[in-house]
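First to last, the sequence lines map onto chains A and B.
Okay, so the first sequence: first residue is 1 according to the numbering used here, each after it adds one.
Okay, so the second sequence: first residue is 243 according to the numbering used here, each after it adds one.
For each residue, glycine too, the CB sits at the ideal point set by N, CA and C.
Right, one structure below, let's go through it.
2 protein chains.
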Amino acid sequence: MRNLLLTLRFHGAAFHGSAIQPNAPTVQGVLQPALERLAGEPLALKCCSRTDAGVHARVFCVSVRTACRIPCERMIPALNAALPEAMAVTACREAPEDFHARYSCKGKRYVYRIHNSAVRDPFLADRAWRISRPLNEERLNREASAFLGRHDFSSFCAAGGGVEDHVREMFTSRVYREGELVLFEIAGDGFLYHMVRIMVGTLLAVHDGKCPSVREVLAARDRSRAGSTAPAHGLCLEDVLY
Amino acid sequence: MRNLLLTLRFHGAAFHGSAIQPNAPTVQGVLQPALERLAGEPLALKCCSRTDAGVHARVFCVSVRTACRIPCERMIPALNAALPEAMAVTACREAPEDFHARYSCKGKRYVYRIHNSAVRDPFLADRAWRISRPLNEERLNREASAFLGRHDFSSFCAAGGGVEDHVREMFTSRVYREGELVLFEIAGDGFLYHMVRIMVGTLLAVHDGKCPSVREVLAARDRSRAGSTAPAHGLCLEDVLY
Numbered sequence: 001m002r003n004l005l006l007t008l009r010f011h012g013a014a015f016h017g018s019a020i021q022p023n024a025p026t027v028q029g030v031l032q033p034a035l036e037r038l039a040g041e042p043l044a045l046k047c048c049s050r051t052d053a054g055v056h057a058r059v060f061c062v063s064v065r066t067a068c069r070i071p072c073e074r075m076i077p078a079l080n081a082a083l084p085e086a087m088a089v090t091a092c093r094e095a096p097e098d099f100h101a102r103y104s105c106k107g108k109r110y111v112y113r114i115h116n117s118a119v120r121d122p123f124l125a126d127r128a129w130r131i132s133r134p135l136n137e138e139r140l141n142r143e144a145s146a147f148l149g150r151h152d153f154s155s156f157c158a159a160g161g162g163v164e165d166h167v168r169e170m171f172t173s174r175v176y177r178e179g180e181l182v183l184f185e186i187a188g189d190g191f192l193y194h195m196v197r198i199m200v201g202t203l204l205a206v207h208d209g210k211c212p213s214v215r216e217v218l219a220a221r222d223r224s225r226a227g228s229t230a231p232a233h234g235l236c237l238e239d240v241l242y
Numbered sequence: 243m244r245n246l247l248l249t250l251r252f253h254g255a256a257f258h259g260s261a262i263q264p265n266a267p268t269v270q271g272v273l274q275p276a277l278e279r280l281a282g283e284p285l286a287l288k289c290c291s292r293t294d295a296g297v298h299a300r301v302f303c304v305s306v307r308t309a310c311r312i313p314c315e316r317m318i319p320a321l322n323a324a325l326p327e328a329m330a331v332t333a334c335r336e337a338p339e340d341f342h343a344r345y346s347c348k349g350k351r352y353v354y355r356i357h358n359s360a361v362r363d364p365f366l367a368d369r370a371w372r373i374s375r376p377l378n379e380e381r382l383n384r385e386a387s388a389f390l391g392r393h394d395f396s397s398f399c400a401a402g403g404g405v406e407d408h409v410r411e412m413f414t415s416r417v418y419r420e421g422e423l424v425l426f427e428i429a430g431d432g433f434l435y436h437m438v439r440i441m442v443g444t445l446l447a448v449h450d451g452k453c454p455s456v457r458e459v460l461a462a463r464d465r466s467r468a469g470s471t472a473p474a475h476g477l478c479l480e481d482v483l484y
C-alpha cells in the first residue's frame, strides 16, 4: 500500500464545497470517482479541511492510501484529463504511511480579497468581494493584529461546526492594499466553521464603527457580538502547512 | 449636443466581439440599447476598434454624440446597473465635438497571455492560452523585436479585414515572463484583422523551428508564410491612446 499526497487547485464557483454531497458537485465528489477509476479500487480520501461552497483554493491537499501502482508523475496528467476545467491536480507525491491530510496539518494560510471600488471589474467579480465605500487598509490592519496569537475564537465560529475546542493560534494576520484590492492574509494552526469570513465581516464592522474592536469581540466569546459573514467567493485557501 | 467618451472593461468570453450582430451578444449590441434607454433617443456609437469574439478588454473606448443631459458621474452607475456583469463602464467624460473613438485613436496596446505550464490553472483558463512545452521567453523576445518600427504587415493579416493599406508602426514589442505566464506586449498605431494573434502564432512557430524568422515572414508579405492564429481568449486590449 502507498500513501499518496495530492495537491489540488480549484475555482470555488464550480463546487458546493469540499465534502461529498448527494446531487451537487463537490471537490471530493468529483475527485474520488476519477481517482477510483484510475486505481481500480474503492478509496477513502482524506481532505486537509472542509471548505464552504464557493470558496477557492490555490492549494488544497488530499491524502489517500491505495494499492494502485501508477507512478506519481503519470497520475497528474491522467487525473487532470478526467477532472473538470475548474479543478486541477498540481502535484502528487509519496507520503509516509502515517501521513493524514487533515490530522498531519500544522496550519493553513488564507487570503480574503476585497475589490474596493465603486465600479465592478469583470476580471475580479468571481474572485473578490466588491465594497464601494473607501476602505482604510491601515485601520483594518491595526484591528487585524488583534487576531495574532492564541485566543478562544468562539465569537468567530458559526453554529454547526460541531467542534468543542475553540482555541486556535494565528501566526499571520494583516491587511494590505494592492491598487483597488484590499487583502486580508491570515495563517493559523486551525480554523473554525466560517471563521475567516466572520473575521472579515468583523474587521469591516469595526472599520465602519458598528463594532467596538476586535479585542472586545474576541473577549466576549459570543458569535452575536461579531460582524456578519463575508461572502464565500472572496476567500481563497492559499497554503496548507505540514 | 454633447460628445461623450465612455471607457469600458469587458470579459471577452461573454461577447461575440465588439460589433453588433443579430442573435448574438456583442459589446456594442449590449451597450447601445442601455445607453439609448438612458438617453431616450437613438444613438450612433463609435467604437475604438473591432475586437474578435472572445478577446478581452481592460480598456475599450466608445464615443457617442447625444442630447442627453445626465452628468457624466451619474452616467457610470446608471449604465452599470443596466449592463451585464461581464461588462463595466469605468469612466465617462466630455470630449471635443470632433472627437471620434476610432478616427482620433493614435494607437493601442495589447497583451497576449500564455500560461506556460504542463498543468492547467482554473484561475487562468479563461484569460490565458495554455502551452505545455517549455518556452524560452528570451528567444521569443529577440524575435518580437523584429516587429518594432514601420512595416508592411500583410503576412500578419487574415483575409476579410477589408483594409488596403497594411503598413503599420509598432512602438512596443516585447516578450517577458512572470512566473508561469509568458506575456507578449505589443503597442502600435493600428492593427490589422487578427494581427496580434497571428504575431503570437508566428513567434511560436519561429521558437519551435517551424518558421525561419519574423524578419523573413514580414518581408514575404504573404499570410501563408506566417504561423497560425493564436486563440482569442489569451488576448486583451489593455490601452487605447488618444
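Subject >> Within 7 Å of chain A by C-beta, residues of the stretch 422 to 443 of chain B in sequence order >> reply: From the stretch 422 to 443 of chain B, no residue has a Cβ closer than 7 Å to chain A.
**OP:** Give the single residue among B/F341, B/D340 and B/F426 whose Cα lies nearest to the Cα of B/I440.
**Re:** Counting from 1 along the second sequence, the entry for residue 440 of chain B is found at position 198. Measuring C-alpha to C-alpha distances from B/I440 to each of B/F341, B/D340 and B/F426 identifies B/F426 as the nearest.
Original post:
Are there three or more Cβ pairs, one per stretch, closer than 8 Å when the stretch 366 to 375 of chain B is compared with the stretch 302 to 312 of chain B?
Top reply: These segments do not touch.
Subject >> Sub-8 Å separation of B/D397 and B/V459 beta-carbons >> reply: Walking along the second sequence from the start, residue 397 of chain B turns up at place 155. Walking along the second sequence from the start, residue 459 of chain B turns up at place 217. The sequence given here places Ser at residue 397 of chain B; Asp does not occur at that position. Closer than 8 Å, so yes.
Original post:
A/V59 CB to nearest chain B CB: under 8 Å?
Top reply: Locating residue 59 of chain A in the first sequence gives position 59, counting from the first residue. Judged by the 8 Å Cβ criterion, A/V59 is not in contact with chain B.
**OP:** Starting from B/A462, follow the beta strand (DSSP E) in both directions and report where the run begins and ends.
**Re:** Taking the second sequence and counting its residues from 1, the one referred to as residue 462 of chain B is at position 220. B/A462: not part of any beta strand (DSSP E); member of the alpha helix (DSSP H) spanning V456 to A462, first to last residue.
**OP:** Confirm, please, whether the CB-CB distance from A/S49 to A/L5 is below 8 Å.
**Re:** Here residue 5 of chain A is taken as the residue at index 5 of the first sequence, counted from 1. Here residue 49 of chain A is taken as the residue at index 49 of the first sequence, counted from 1. No, the Cβ-Cβ distance between A/L5 and A/S49 is not below 8 Å.
**OP:** Under 9 Å between beta-carbons, which chain B residues line up against A/A86? List them in chain order, please.
**Re:** As a position in the first sequence, residue 86 of chain A is number 86, starting the count at 1. Those are P364 and A367, listed as they occur along chain B.
Original post:
Counting pairs of beta carbons, one from the stretch 185 to 205 of chain A and one from the stretch 103 to 114 of chain A, are three or more of them closer than 8 Å?
Top reply: Yes: the two stretches touch, three or more of their Cβ pairs being nearer than 8 Å.
Original post:
Residue range of the beta strand (DSSP E) that A/T7 falls in?
Top reply: Numbered from its first residue, the first sequence carries residue 7 of chain A at position 7. In the DSSP assignment, A/T7 falls within the unbroken beta strand (DSSP E) covering R2 to F10.
**OP:** Could you check what DSSP says for B/A401 in three-state terms: helix, strand or coil?
**Re:** The residue given as residue 401 of chain B occupies position 159 in the second sequence. Under the three-state reduction of DSSP output, B/A401 falls in the coil class, being neither helix nor strand.
Subject >> Proximal residues to A/A230 (C-beta, below 7 Å), its chain only, five neighbours per side dropped >> reply: Within the first sequence, numbered from 1, the residue matching residue 230 of chain A stands at position 230. Only Y112, W129, R197, V200 and G201 meet the Cβ criterion.
Original post:
For B/N378, which of B/T268, B/R279 and B/G421 has the nearest alpha-carbon?
Top reply: As a first step, residue 378 of chain B is located in the second sequence; it is residue number 136 there, counting from the start. Answer by Cα proximity: B/G421.
**OP:** Counting only the same chain and skipping the five closest in sequence on each side, list residues whose C-beta sits under 8 Å from that of A/A88.
**Re:** Looking up residue 88 of chain A in the first sequence gives position 88. In its chain, beyond the 5 residues on either side, L8, R9, F10 and N80 have a beta carbon closer than 8 Å to the beta carbon of A/A88.
**OP:** Keeping to the same chain, check which residues put their C-beta closer than 6 Å to that of B/R457; ignore five residues upstream and five downstream.
**Re:** Mapped onto the second sequence, residue 457 of chain B falls at position 215. Correct list, in chain order: A388.
Original post:
Among residues of its own chain, excluding the 5 on either side of A/G190, which ones have a beta-carbon nearer than 7 Å to its beta-carbon?
Top reply: For this step, residue 190 of chain A is matched to residue 190 along the first sequence. Excluding its 5 nearest sequence neighbours in each direction, A/G190 has C-beta neighbours in its own chain below 7 Å: R168, listed in chain order.
Subject >> B/V409 (DSSP reduced to helix, strand or coil) >> reply: Taking the second sequence and counting its residues from 1, one reaches residue 409 of chain B at position 167. It is a strand residue.
**OP:** Give a yes or no on whether the minimum CB-CB distance between A/F15 and chain B is below 8 Å.
**Re:** Walking along the first sequence from the start, residue 15 of chain A turns up at place 15. Taking a beta-carbon distance threshold of 8 Å, A/F15 does not count as an interface residue toward chain B.
Original post:
What in chain A is Cβ-close to B/N358, meaning under 8 Å?
Top reply: In the second sequence, counting from the first residue as 1, residue 358 of chain B sits at position 116. What B/N358 touches in chain A: nothing, since even the nearest Cβ is about 14 Å away.
**OP:** Check each residue of the stretch 329 to 355 of chain B: if its Cβ is closer than 7 Å to any Cβ of chain A, include it; give the result in chain order.
**Re:** Within the stretch 329 to 355 of chain B, M329, A330 and T332 place their CB atoms closer than 7 Å to a CB of chain A, listed in sequence order.
Original post:
Does B/V269 have its Cβ less than 8 Å from a Cβ in chain A?
Top reply: Within the second sequence, numbered from 1, the residue matching residue 269 of chain B stands at position 27. B/V269 does not count as touching chain A.
**OP:** Determine the direct distance from the alpha carbon of A/E97 to that of A/S15, and round the result to whole angstroms.
**Re:** Residue mapping note: residue 15 of chain A aligns to position 15 of the first sequence, counting from 1. Residue mapping note: residue 97 of chain A aligns to position 97 of the first sequence, counting from 1. The amino acid at residue 15 of chain A is misidentified as Ser; the sequence shows Phe. For A/F15 and A/E97, the distance between alpha carbons rounds to 30 Å.
Original post:
Would the beta-carbon of A/C157 fall within 8 Å of that of A/R223?
Top reply: Within the first sequence, the letter at position 157 stands for residue 157 of chain A. Within the first sequence, the letter at position 223 stands for residue 223 of chain A. Contact check for A/C157 against A/R223 passes: the beta carbons are separated by less than 8 Å.
**OP:** Would you verify that the beta carbon of A/V62 is, or is not, closer than 8 Å to some beta carbon of chain B?
**Re:** Locating residue 62 of chain A in the first sequence gives position 62, counting from the first residue. Under the Cβ criterion of 8 Å, A/V62 is not counted among the residues facing chain B.
Subject >> Own chain partners of A/R221 with C-beta closer than 8 Å, once the 5 adjacent residues on each side are dropped >> reply: As a first step, residue 221 of chain A must be located in the first sequence, where it is residue number 221. Apart from sequence neighbours up to five positions away, the residues of its chain that approach A/R221 with a beta-carbon distance below 8 Å are D152, S154, S155 and H166, ordered along the chain.
**OP:** Count the other C-beta atoms from every protein chain shown that fall within 10 angstroms of the C-beta of A/Y213, then say buried if there are 16 or more, exposed otherwise.
**Re:** Start at 1 with the first residue of the first sequence, and residue 213 of chain A comes out as number 213. Residue identity check: residue 213 of chain A is Ser in the sequence provided, not Tyr. Counting Cβ neighbours within 10 Å, A/S213 comes out exposed, since fewer than 16 surround it.
**OP:** Please confirm if A/N80 has its CB atom under 8 Å from at least one CB of chain B.
**Re:** Along the first sequence, read from residue 1 onward, the residue named residue 80 of chain A stands at position 80. Closer than 8 Å: yes.
Original post:
In terms of residue numbering, what span does the alpha helix (DSSP H) encompassing B/T332 cover?
Top reply: Counting from 1 along the second sequence, the entry for residue 332 of chain B is found at position 90. B/T332 -> not in any alpha helix (DSSP H); beta strand (DSSP E) instead, spanning M329 to E336.
**OP:** Taking C-beta pairs closer than 7 Å, name the residues in chain B that A/F156 reaches, listed in chain order.
**Re:** Mapped onto the first sequence, residue 156 of chain A falls at position 156. Within chain B, no residue comes near A/F156; the closest Cβ sits about 27 Å away, beyond 7 Å.
Original post:
Near A/A95, what residues of its chain come up, given a Cβ to Cβ distance below 7 Å and the 5 sequence neighbours on each side ignored?
Top reply: Start at 1 with the first residue of the first sequence, and residue 95 of chain A comes out as number 95. For A/A95, where only same-chain residues beyond five positions count, the Cβ hits under 7 Å are N3, L4, L5 and S63.
Subject >> For B/T332 and A/P134, the rounded distance between their alpha carbons >> reply: Walking along the first sequence from the start, residue 134 of chain A turns up at place 134. Walking along the second sequence from the start, residue 332 of chain B turns up at place 90. Rounded to the nearest angstrom, the two C-alpha atoms are 16 Å apart.
Subject >> Length of the line joining the Cα atoms of A/R139 and A/L83 >> reply: Translated into positions along the first sequence, residue 139 of chain A becomes position 139. Translated into positions along the first sequence, residue 83 of chain A becomes position 83. Between A/R139 and A/L83, the C-alpha separation is close to 42 Å.
Subject >> Neighbour list for B/R251 in chain A, Cβ cutoff strictly below 7 Å >> reply: Within the second sequence, numbered from 1, the residue matching residue 251 of chain B stands at position 9. Ordered by position in chain A, the residues that pass the 7 Å Cβ test against B/R251 are D121 and P122.
**OP:** Anything in chain A within Cβ reach of B/I318, meaning under 9 Å, just list it in chain order.
**Re:** Start at 1 with the first residue of the second sequence, and residue 318 of chain B comes out as number 76. Per Cβ cutoff of 9 Å: A118 and V119.
Subject >> Endpoints, alpha helix (DSSP H) assigned at A/I76 >> reply: Along the first sequence, one-based indexing puts residue 76 of chain A at 76. Taken as a continuous stretch (DSSP letters only), the alpha helix (DSSP H) holding A/I76 covers C72 to A82.
Subject >> Contact under 8 Å by Cβ, A/A232 with A/V55 >> reply: Against the first sequence, residue 232 of chain A aligns to sequence position 232. Against the first sequence, residue 55 of chain A aligns to sequence position 55. Less than 8 Å divides the Cβ of A/A232 from the Cβ of A/V55.
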